[in-house]
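K.L.:
The structure under discussion is supplied below as structure tokens; questions concerning it will follow.
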Amino acid sequence: IPSLLGSACCTPSLLGSACCIPSLLGSACCTPSLLGSACCIPSLLGSACCTPSLLGSACCIPSLLGSACCTPSLLGSACCIPSLLGSACCTPSLLGSACCIPSLLGSACCTPSLLGSACCIPSLLGSACCTPSLLGSACCIPSLLGSACCTPSLLGSACCIPSLLGSACCTPSLLGSACCIPSLLGSACCTPSLLGSACC
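Counted the way mature numbering (1 follows the signal peptide of the UniProt record, and there is no 0) counts, the sequence shown spans residues -20 to -1, 1 to 180.
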């Protein structure tokens, strides 16, 4: 069918009709398949397209910041959404979705595992990260004085907390925790033993 913008055409097939409709932005076209119709619709920002598959439709939608795309899989859809700071993406897995979300300070990311999710969250002071293990999560949290970290073990968590005078640390053992606490005069330390704690 002719028009001022061009000809609108449809071609029949066993699966249905393949059609193209002209517009000021270009031609909108759909092509049938056994899985459904693959279509592209033009816009001022580009063409929005969807392609069918056995798992669902893979689609890309244009925007001023780029194209937002989702691709289906057996585990779910992998998607990337553009923003002024970058693309926010999630990828599915058997353990859950691995995601990265951009921010002014960097990307916040979480990756799933059998033990839980390993995550890093950016801040002005650095990234706060936690990594799961069989014994618990090992974490480091940044501060103006340095990073406060705790690492799990069979006996408990070994931790170091920064201060203006240095880091206060405790390490677990079968007899208790060995600790050192800094002060203006030096570090006060206690170490456990079978007979009690030795302190300086």
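From the three backbone atoms N, C-alpha and C, an ideal C-beta is built for every residue, glycine too.
Go to residue 139, then tell me how far its beta strand (DSSP E) extends in each direction, as first and last residue.
P.N.:
Working through the sequence shown from its first residue, we reach residue 139 at position 159. Residues 136 to 143.
K.L.:
In its own chain, which residues sit with a C-beta less than 7 Å from the C-beta of residue -16, not counting the 5 before and 5 after it?
P.N.:
Along the sequence shown, read from residue 1 onward, the residue named residue -16 stands at position 5. Same-chain partners within the cutoff: 2, 3, 4.
K.L.:
For residue 22, count neighbouring Cβ atoms within 10 angstroms of its own Cβ and tell me buried if that reaches 16, exposed if not.
P.N.:
Residue numbering aside, residue 22 sits at position 42 when the sequence shown is read from its first letter. Flag for residue 22 reads buried.
K.L.:
Starting from the C-beta of residue 157, find all residues in its chain whose C-beta is less than 6 Å away, skip the five residues before and the five after it, and write them out in chain order.
P.N.:
Locating residue 157 in the sequence shown gives position 177, where the first residue counts as 1. The residues are 150.
K.L.:
Around the Cβ of residue -19, are there at least 16 other Cβ atoms within 10 angstroms (buried) or fewer (exposed)?
P.N.:
In the sequence shown, counting from the first residue as 1, residue -19 sits at position 2. Residue -19 comes out exposed.
K.L.:
Less than 6 Å between C-beta atoms, sequence neighbours within five positions excluded: which residues of the same chain meet that for residue 179?
P.N.:
Residue mapping note: residue 179 aligns to position 199 of the sequence shown, counting from 1. Taken in chain order, the residues that qualify are 170.
K.L.:
Given residue 131, which residues of its chain have a CB within under 7 Å of its CB, disregarding the five upstream and five downstream residues?
P.N.:
By one-based count along the sequence shown, residue 131 stands at place 151. Closer than 7 Å at Cβ, skipping near neighbours: 118, 137, 138.
K.L.:
If I follow the unbroken beta strand (DSSP E) through residue 81, where does it start and stop?
P.N.:
Working through the sequence shown from its first residue, we reach residue 81 at position 101. Per DSSP, residue 81 belongs to the beta strand (DSSP E) from 76 to 83.
K.L.:
Taking only the alpha-carbon atoms, compute the straight-line gap between residue -13 and residue 19 and give it to the nearest angstrom.
P.N.:
As a working mapping, residue -13 is identified with position 8 in the sequence shown. As a working mapping, residue 19 is identified with position 39 in the sequence shown. Each residue's alpha carbon lies about 15 Å from the other.
K.L.:
If we cut at 8 Å on Cβ distances, does residue 125 have a partner in chain B?
P.N.:
Of the protein chains in this structure there is only one, and it is not chain B.
K.L.:
Which residues does DSSP pair with residue 158 in a beta bridge?
P.N.:
Counting from 1 along the sequence shown, the entry for residue 158 is found at position 178. Note: residue 158 sits in a beta bridge opposite 151.
K.L.:
Under 7 Å Cβ to Cβ from residue 55, same chain only, skipping five residues before and after it: list those, please.
P.N.:
Residue numbering aside, residue 55 sits at position 75 when the sequence shown is read from its first letter. Cβ neighbours of residue 55 beyond the five flanking positions: 72, 73, 74.
K.L.:
Whole-angstrom Cβ separation of residue 107 and residue 100, contact assumed at under 8 Å?
P.N.:
As a working mapping, residue 107 is identified with position 127 in the sequence shown. As a working mapping, residue 100 is identified with position 120 in the sequence shown. Correct: roughly 5 Å between the Cβ atoms.
K.L.:
In the DSSP output, what is residue 61 paired with across the bridge?
P.N.:
Here residue 61 refers to the residue found at position 81 of the sequence shown. For residue 61, which the question treats as bridged, DSSP gives the partners 68.
K.L.:
Taking residue 114 as the reference, give the member of -2, 134, 37 with the closest Cα.
P.N.:
Start at 1 with the first residue of the sequence shown, and residue 114 comes out as number 134. Nearest of -2, 134, 37 to residue 114, Cα basis: 134.
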